[in-house]
Amino acid sequence: MSENITRRAVLKNLAGIVGGILAMPAARTCKAGVQNVLASSPAPAGYDPFQHKWLMALDVDRCIGCGRCVEACREENGVPEGHWRTWIERYVIPKAKPGSGKTRGDAIVDSPAGGEKGFPPLLTPKDDILKSFFVPKLCNLCEHSPCTQVCPVGATFDAPDGAVLVDKNYCIGCGFCIQACPYGCRFFNPETHTADKCNLCYHRITRGLKPACVEICPSQARIFGDLNNPVPDDPLQHFSANNTVEKLKKSLGTGPRVVYAGLDEEVR
Amino acid sequence: MDANILTNVVDALPQFDGYVYPNERTLHPLWSVLIVVYPYITGLVAGAFIMASLVRVFKVKVLEPIYRLALLTALAFMLCATLPLLFHLGHPERCFEIMMTPHFSSPMAMFGFVYAWYLMAVLLLELWFDYRRDFVEWSRTETGLRGLIYRAFTLGVTDLSEPALRLDARMGRIISIVGIPSAFLLHGYVGFIFGSIKANPWWGNPLMPIIFILSAVVSGMALCVFAYMFLCWARRITADMRCLDLMTSFLFYAVVLDATIEGLDWLHRLYSAEEGIEVLKSVASSKLFYTLLIGQACLGTLVPLLLLGTMQLIRKKVAELNRRRVYFSSTVLILIGVLAMRWNVVIGGQLFSKSLRGFMSYKMEFAGHEGWWLSLALVALPFVILTVFIKYFLAQDLPTLENVVPGAPPRAASPPAQA
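The listed protein sequences derive, respectively, from chains A and B. Last residue of the first sequence: number 496 in my numbering, and the count goes up by one each step with no gaps. Last residue of the second sequence: number 440 in my numbering, and the count goes up by one each step with no gaps.
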C-alpha cells in the first residue's frame with residue numbers, strides 16, 4: 229500500500245480536490261443556467277420554492293357568486309375568452325317531490341360564462357328550492373397530479389411549493405394533461421397553443437402578494453396561505469380548525485390539496 | 022343585461038346538454054378525428070406484422086404469398102403512424118422533445134421509444150435481412166434508378182455465400198420473434214395512453230390496452246387479406262385460395278377473441294355499474310348509436326363473424342368466387358368496424374363532461390386541419406406508399422424466391438456466382 233503513496237499521486241489527488249472545489253460554483257451556475265433554459269417560471273430571482281407550501285381553501289358558504297374572482301383572474305393572467313383558470317358553479321337543489329321517496333330533488337348546476345358576469349335569476353320557483361349555493365373551482369393542486377404524470381416532456385410539473393405549473397415555452401401542446409385532469413381545470417390556450425391552467429398567480433405569490441382571485445374576493449370565500457410559514461392567527465389554520473373540510477373526487481386518488489368547507493355531496 | 026342574454030344564449034347552444042365544465046365547452050373535442058386515425062394506423066401496423074410473423078415464427082408455409090406484402094404494409098403504415106399526432110400538436114416543432122427530454126412516467130413519451138424501436142430495430146431490420154439476397158441479385162440485373170435503389174439498399178453487403186444466406190434467415194427469424202412482443206407493446210402502449218386516464222370513466226380501464234392489441238391484430242390481418250386480394254385483382258391473377266382460406270381462418274379466430282374481450286369489458290362495466298355508468302350508457306345508446314351499435318358491434322363484428330364463421334363450416338361447398346366475395350366483404354366490414362371502434366373510444370370519451378352531468382357534441386369539419394380532408398389524406402397516404410413499395414419491392418418482373426411475390430416468376434434454384 230505504502231508504495232502507492234507517492235508525492236506525485238498525492239499532488240494529483242490534491243489538485244483534483246482543489247479543482248473540484250473550484251469547479252463547484254461554475255457547475256452550480258451551469259445547473260442554474262440549464263434549469264433556467266429548460267424550466268421557465270414567473271418567479272423572481274432569489275425565490276426559493278423549497279421554503280414554501282402554498283394552499284388555497286374555499287368556503288362554500290361564503291361565496292356569493294359575484295364572479296369578481298373570475299374577472300380578476302382573466303385580467304391578471306390574460307386568460308383568453310372562452311377559457312377559465314377559475315370559475316364558479318351554482319348548485320340549486322330543489323325540494324323532493326312528495327312521494328318520491330327522496331330527501332331532495334335532482335341538482336341543477338350551471339356556470340354561465342364561468343360565472344364571470346354573475347348568474348341569471350333562477351328558473352326554479354323560490355318555494356321549490358331546498359337549498360342553493362356557489363362553488364368556486366380552480367386547480368386542485370393535487371399531491372399526485374395526474375396531469376403532470378402524463379406530460380410526455382415534463383413541461384408541466386409540481387413545483388416544490390405546491391403549485392402545479394406549465395412551462396409554455398416547453399409544452400408541445402399534445403393535450404394529454406387536459407384529458408388527464410379530472411376537474412376540467414386545464415384548457416388549450418388558443419394564443420400560445422399550449423396547455424394552460426391556474427398557477428396560483430405564481431408571479432404574485434412569489435413576490436409576497438396573494439393570488440388575484442383571493443385579493444378581490446369581497447366575502448373572503450377564498451383563503452390563501454403558506455403552510456410552511458404560518459403567520460400569527462393564520463387564516464388557513466383557523467379555517468381547518470373551525471370547519472369540516474372536504475376535497476373533490478377523492479376516490480380517484482389524485483390527492484387534491486385544495487380544501488373546501490361546506491361542500492355538498494352533489495359537487496364533483 | 023346584454024351580457025346575461027349572451028351567456029344564456031351560449032349556454033343554450035345545442036352542442037351542450039346538461040352541465041359541462043366551462044373549459045369543456047369548446048367547439049371541437051380536444052382530441053378530434055386526427056387522434057382517431059392515429060391508433061387506427063398504428064393498429065394496422067401491429068396487426069400486419071403479426072400476420073407476417075405467422076409465416077416466419079410459426080412457419081405457416083401456406084401463408085408465404087403474403088409474407089412480404091404484410092411486412093411492406095406494416096412499414097408503409099408505420100411511416101405514417103406519427104403524422105396524425107404531429108399534425109395535432111400545438112407546437113409540432115417541439116415534437117423531438119419527446120425523444121430528447123422524455124418524461125418517463127408518461128405513456129406518450131414511452132410510445133416515442135417503442136415506435137423508434139419497432140421501426141428501426143424490428144421492421145426495417147427484418148425487411149433488410151429478408152430482402153438482402155434479392156437486393157444483391159436485382160442490383161446486378163437492374164439499371165437506372167431501380168438499380169441504384171437496390172444497390173443502395175444492399176448497404177454494401179453483397180456476400181451471397183451459403184453461410185451468409187443462412188445468417189440472413191436466422192436473423193430474420195430472431196427479429197420476428199422479438200417483433201411479436203414489440204408489436205404488442207407498440208399497440209398496447211397506444212391503448213395505455215387511453216387506459217391510463219382515470220379521469221375519464223370511458224377510457225380509464227385496465228382492459229383498454231388488451232382491447233387495443235386485439236382489435237389491432239384483427240384490423241391488421243383484415244388489411245393483409247384486403248391488400249392481397251386487391252393486388253391479385255390488379256395484377257389479374259388468381260389469388261391462392263389455400264392462403265386466403267387460412268388467412269381468413271386466423272382472422273375469424275382473432276375476431277372471436279377480440280369480440281369476446283370487448284364484450285367482457287362491457288359486461289364488466291354494466292355489472293359493476295360504477296359511478297358514471299349511466300352517462301356511459303347514455304352516450305353509447307344515443308350519441309354513439311350509429312358508430313358503436315351499428316358500425317362497430319353489428320357491421321364490424323357480428324356480420325363478419327357470421328360470414329367468416331359460416332365459411333369455416335361450409336367452405337368446401339362454396340364456389341371459390343363466392344368465397345372470395347365473402348372474404349373481401351368481411352375484411353372491408355372489419356376494417357370499417359375497427360375504425361368505428363377507434364372513433365367510439367376517442368370521440369366517445371369526449372362526448373360527456375367529466376362532471377358526469379352533461380354531454381357535448383361533435384360535428385366534424387370538412388376542411389381545416391382537424392377536418393375530414395386531412396384525416397382522409399392521412400389514411401390514404403400509407404396506401405400510396407404501399408403502392409410505391411409494391412412497385413419496387415414486389416414487382417412481378419423481378420425474379421425472387423418462389424411464392425413470395427404474387428404473380429412473380431420463381432428465381433433459379435441456385436444463386437448466381439458472386440461478383
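C-beta atoms are modelled at their ideal positions from N, C-alpha and C, and glycine is treated no differently.
The region 116–129 of chain B: which residues have C-beta closer than 8 Å to a C-beta of chain A, in chain order? Cys-116, Glu-118, Ile-119, Thr-122, Pro-123, His-124, Ser-126, Ser-127, Pro-128, Met-129
Can you check which of these residues, Ala-285/A, Phe-278/A, Lys-477/A, Ile-245/A, is closest to Pro-463/A by C-alpha distance? Nearest to Pro-463/A by C-alpha distance, out of Ala-285/A, Phe-278/A, Lys-477/A, Ile-245/A, is Ala-285/A.
Less than 6 Å between C-beta atoms, sequence neighbours within five positions excluded: which residues of the same chain meet that for Leu-455/A? Lys-281, Leu-283
Got a sec, what are the start and stop residues for the beta strand (DSSP E) Tyr-411/A sits in? Tyr-411/A -> no beta strand (DSSP E), and no H or E assigned at all.
At 3 residues or longer, what runs of the beta strand (DSSP E) sit wholly inside the region 359–392 of chain A? Here the runs fully enclosed are 384–386.
Starting from Pro-325/B, find everything on chain A with Cβ-Cβ shorter than 9 Å and list it in chain order. Residues of chain A passing the Cβ test: none, with the nearest at roughly 31 Å.
Can you give the beta carbon distance from Val-363/A to Cys-291/A, rounded, assuming they're within the 8 Å contact cut? 7 Å
Taking C-beta pairs closer than 7 Å, name the residues in chain A that Pro-43/B reaches, listed in chain order. Trp-312, Trp-315, Ser-339, Gly-342
Determine, using beta carbons only, whether Ile-321/A comes closer than 8 Å to chain B. no
Would you decide whether Glu-303/A is buried or exposed? Buried here means 16 or more other CB atoms lie within 10 Å of its CB. The C-beta of Glu-303/A has fewer than 16 other C-beta atoms within 10 Å across all chains shown, which makes the residue exposed.
What does the Cβ neighbour count give for Gln-448/A, buried or exposed, with the cut at 16 atoms within 10 Å? exposed
By a C-beta neighbour count over all protein chains shown, 10 Å radius and 16 as the cutoff for buried, is Cys-497/A buried or exposed? Here chain A has residues from 229 to 496 only, and residue 497/A is not among them.
One or two residues paired with Asp-424/A in a DSSP bridge: Phe-415/A
If you follow the beta strand (DSSP E) that Tyr-40/B is part of, which residue opens it and which one closes it? 37–40 is the extent of the beta strand (DSSP E) around Tyr-40/B.
Please list, in chain order, the residues of the region 278–300 of chain B that have any C-beta partner in chain A closer than 9 Å. Glu-296
Please name the residues in the region 404–415 of chain A whose beta-carbon is closer than 8 Å to at least one beta-carbon of chain B, in chain order. Taken in chain order, the members of the region 404–415 of chain A whose beta-carbon sits within less than 8 Å of a beta-carbon on chain B are Phe-404, Ile-406, Gln-407, Ala-408, Cys-409, Pro-410, Tyr-411, Gly-412, Cys-413, Arg-414, Phe-415.
Which value, in whole angstroms, describes the spacing of the CA atoms of Asp-276/A and Asn-397/A? 21 Å
With 8 Å set as the bound, which would you pick, yes or no: does the beta-carbon of Pro-484/A sit closer than that to a beta-carbon of chain B? no
Give me the DSSP bridge partner(s) of Thr-434/A. Note: Thr-434/A sits in no beta bridge, so no partner.
To the nearest whole angstrom, what separates the beta carbons of Tyr-88/B and Val-78/B, a pair I think is in contact under 8 Å? That belief does not hold up - the Cβ atoms of Tyr-88/B and Val-78/B are roughly 11 Å apart, past 8 Å.
Contacts of Thr-422/A in chain B (Cβ-Cβ under 9 Å): Gly-111, His-112
So what's Val-337/A in DSSP terms, helix, strand or just coil? strand
Less than 7 Å between C-beta atoms, sequence neighbours within five positions excluded: which residues of the same chain meet that for Ile-368/B? Pro-50, Val-57, Tyr-383
If I follow the unbroken beta strand (DSSP E) through Leu-286/A, where does it start and stop? 282–287
Contact with chain A by Ser-382/B, beta-carbon distance below 8 Å: Chain A contact via Cβ: absent.
Just mark Trp-393/B as buried or exposed, buried being the case when its beta carbon has 16 or more other beta carbons within 10 Å. exposed
Three-state secondary structure (DSSP) of Lys-323/A: strand
Please compile the residues from chain B whose C-beta is within a distance smaller than 7 Å of the C-beta of Arg-496/A. Ser-376, Leu-377
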